[in-house]
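K.L.:
If you scroll down you'll find the structure; I have some questions about it.
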Amino acid sequence: MSLAVFLLVSGLVGHCTIGEAVGQTLAPPVMATTMWMEGVVWRAAPAVRLTMTAGLRSLAPVKDQGARTRGTKAAVAIVMDDLGPDVTATRQAISLPSEVTMSFLPYAPDVAELARAAEARGHEVIVHVPMQPLGPENPGPMALGVNLSAAENQRRLSWDLSRVPGADGINNHMGSRFTADRTALVPVLEQLSKTGDFFFDSRTTARTVVVPLARALGILSAGRDVFLDDIQRKRYVLGQLRLLKQVAVRNGVAIAIGHPHPATIQAIRWWLAHQRGLDFVPLHTALRLKTRKALHGTVRQTRRRD
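Structure below.
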């Protein structure tokens, strides 16, 4: 059975499959305007409004932990990846302010205990699901892969989710090959649609198709804006945090990913304590804000990096 997406185009209702919805023409060329959303080109008539057959769960509370009404400040979310294997570093990350979301590798031996400790301190918790990269790097045990069957990838995802209690969603660990493969992604997204978990795209490749496919299934999804610590120095991380603020002020919301390195933890702790004029939010709130902007806001007619 094909998965349907309905598009209201200039007052007319059109119908297309997921394959047609991603990167294909939805209106006659003479009426079309090229628009970029989350790095994927859509061709549609000037006034396109997207609604999902799955009920647009992305705009409703998703395992909401009581997000307050947002004001006019730009919103910022920070996600700490790769938690679990290094217990000391993980506990230092958990000691950060509760607005920082914690993403746990499911194969870490003490992951359940650490995830519960993070949740007890008020952090949102997600699963950092290993996925196949383009290169020879090893993403870890039980990684999702493009050459595995749909059933096996779903089985591995179920195991990943079962390892991290209280998780609200997932993001990809590596995954530059997997997140660019529509055929491999769809069964995984179908499973997330049933469990109610969101998919935060770490954006390890420009070819990712996670966000448009997830949204076509009504799954809350958006992409990372800034990596904080490609260079593990406090000064560099602070510079990336300044960049994060610039992106948030420009777009209304921005999301960063960091890792439990000493320099990153020190920089985030200092920055959160001294920063003014921003609204620090959990990841699921930032995903909803980005989704609303993408679906109902003004879509720029030039390509932008998400």
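Okay, so the sequence shown: first residue is 1415 according to our numbering, each after it adds one. Glycine included, C-beta positions come from ideal geometry on N, C-alpha and C.
When DSSP labels each residue in this structure, what does H1537 get in the three-state scheme?
P.N.:
Here residue 1537 refers to the residue found at position 123 when the sequence shown is read from its first residue. In the structure shown, H1537 sits in coil (DSSP, three-state: anything other than H, G, I, E or B).
K.L.:
Quickly, what does DSSP pair F1592 with across the bridge? List them, please.
P.N.:
On the sequence shown, position 178 is the one that residue 1592 refers to. Its beta-bridge partners do not exist; DSSP assigns none.
K.L.:
I'd like to know whether the C-beta atoms of V1667 and A1620 end up nearer to each other than 8 Å.
P.N.:
Your numbering for residue 1667 matches position 253 in the sequence shown. Your numbering for residue 1620 matches position 206 in the sequence shown. The answer is no: Cβ separation not under 8 Å.
K.L.:
DSSP state of D1362, grouped into three classes?
P.N.:
Residue 1362 lies beyond the stretch modelled for the chain, which goes from 1415 to 1720, so this question has no answer here.
K.L.:
I'd like the span of the alpha helix (DSSP H) that includes T1504, first residue to last.
P.N.:
The residue given as residue 1504 occupies position 90 in the sequence shown. Where T1504 is concerned, the enclosing alpha helix (DSSP H) stretches over V1501 to I1508.
K.L.:
So is R1649 buried or exposed if we call it buried at 16+ other beta carbons inside 10 Å?
P.N.:
Reading the sequence shown from its first residue, position 235 is the one you call residue 1649. Answer is exposed; the Cβ neighbour count stays below 16.
K.L.:
Between P1396 and H1587, which are expected to be in contact by the criterion C-beta below 8 Å, what is the C-beta distance as a whole number of angstroms?
P.N.:
Lying outside 1415 to 1720, the shown extent of the chain, residue 1396 is not represented and no answer is given.
K.L.:
Rounded to whole angstroms, what's the CA-CA distance from A1489 to V1661? Just pull it up for me.
P.N.:
By 1-based counting over the sequence shown, the position of residue 1489 is 75. By 1-based counting over the sequence shown, the position of residue 1661 is 247. Rounded to the nearest angstrom, the two C-alpha atoms are 10 Å apart.
K.L.:
Quick check: what's the CA-CA separation for M1494 versus S1563?
P.N.:
Residue numbering aside, residue 1494 sits at position 80 when the sequence shown is read from its first letter. Residue numbering aside, residue 1563 sits at position 149 when the sequence shown is read from its first letter. When rounded, the distance between both Cα atoms is 30 Å.
K.L.:
How would you label I1540, buried or exposed, when you count the other beta carbons within 10 angstroms and need 16 or more for buried?
P.N.:
Counting from 1 along the sequence shown, the entry for residue 1540 is found at position 126. It counts as buried.
K.L.:
Determine, using beta carbons only, whether A1507 and I1679 come nearer to each other than 8 Å.
P.N.:
Sequence index remark: in the sequence shown, residue 1507 carries index 93 (1-based). Sequence index remark: in the sequence shown, residue 1679 carries index 265 (1-based). The answer is yes: Cβ separation under 8 Å.
K.L.:
For L1558, name the three-state secondary structure that DSSP assigns.
P.N.:
As a position in the sequence shown, residue 1558 is number 144, starting the count at 1. The answer is strand: DSSP assigns L1558 an E or B state.
K.L.:
Determine the burial state of N1721: buried for a count of at least 16 other Cβ atoms within 10 Å of its Cβ, exposed for fewer.
P.N.:
Nothing in the structure corresponds to residue 1721, since the chain is present only between 1415 and 1720.
K.L.:
Kindly indicate which residue of G1632, L1627, G1691 and L1631 has the alpha-carbon position closest to the one of L1658.
P.N.:
Taking the first residue of the sequence shown as 1, we reach residue 1658 at position 244. Of G1632, L1627, G1691 and L1631, the residue nearest in Cα terms is G1691.
K.L.:
Take A1655 and list the residues in its own chain whose beta-carbon comes closer than 6 Å to its own, dropping the five residues that flank it on each side.
P.N.:
Locating residue 1655 in the sequence shown gives position 241, counting from the first residue. A small correction: the amino acid at residue 1655 is Leu; Ala does not occupy that position in the sequence shown. Excluding positions up to five away in sequence, the list reads W1685.
K.L.:
In or out: I1645 buried (at least 16 other Cβ within 10 Å) or exposed?
P.N.:
Here residue 1645 corresponds to residue number 231 of the sequence shown, with the count starting at 1. Exposed is the call here.
K.L.:
Of the choices R1629, T1515, A1630 and V1624, whose alpha-carbon is the least far from that of A1594?
P.N.:
Position 180 of the sequence shown, counting from 1, holds the residue named residue 1594. Ranking the options by Cα distance to A1594, first place goes to V1624.
K.L.:
Sort K1487, L1510 and A1491 by Cα distance to H1675 and report the nearest one.
P.N.:
Here the question's residue 1675 lines up with position 261 in the sequence shown. Checking every option, the nearest Cα to that of H1675 belongs to L1510.
K.L.:
Taking Cβ to Cβ, would you say P1520 is nearer than 8 Å to V1543?
P.N.:
For this step, residue 1520 is matched to residue 106 along the sequence shown. For this step, residue 1543 is matched to residue 129 along the sequence shown. In contact: P1520 and V1543 (Cβ atoms closer than 8 Å).
K.L.:
Alpha carbons only, please: which of D1693, I1682 and I1671 is nearest the one belonging to V1663?
P.N.:
Here residue 1663 refers to the residue found at position 249 when the sequence shown is read from its first residue. The residue with the shortest Cα to Cα distance from V1663 is D1693.
K.L.:
Looking at C-alpha atoms only, which residue of A1628, G1589 and M1545 is the closest neighbour of L1398?
P.N.:
The shown model of the chain, from 1415 to 1720, leaves out residue 1398, and the question about it has no answer.
K.L.:
For A1565, count neighbouring C-beta atoms within 10 Å of its own C-beta (all shown protein chains included) and say buried if the count is 16 or more, exposed if not.
P.N.:
Looking up residue 1565 in the sequence shown gives position 151. Exposed is the call here.
K.L.:
Given a cut-off of 8 Å on the beta-carbon distance, is the pair G1580 and F1614 in contact?
P.N.:
Stepping through the sequence shown from its first residue, residue 1580 is reached at position 166. Stepping through the sequence shown from its first residue, residue 1614 is reached at position 200. Going by C-beta atoms, G1580 is not nearer than 8 Å to F1614.
K.L.:
Within the continuous beta strand (DSSP E) that includes V1490, where are the two ends?
P.N.:
Counting from one through the sequence shown, the residue named residue 1490 turns up at place 76. A1488 to L1497 is the span of the beta strand (DSSP E), which, as asked, contains V1490.
K.L.:
I need the DSSP call for A1708, collapsed to helix, strand or coil.
P.N.:
Looking up residue 1708 in the sequence shown gives position 294. Correct three-state label for A1708: helix.
K.L.:
Thinking C-alpha only, which one of P1696, Q1689, R1577 and P1626 is nearest L1599?
P.N.:
Here residue 1599 is taken as the residue at index 185 of the sequence shown, counted from 1. The shortest C-alpha separation from L1599 is found at P1626.
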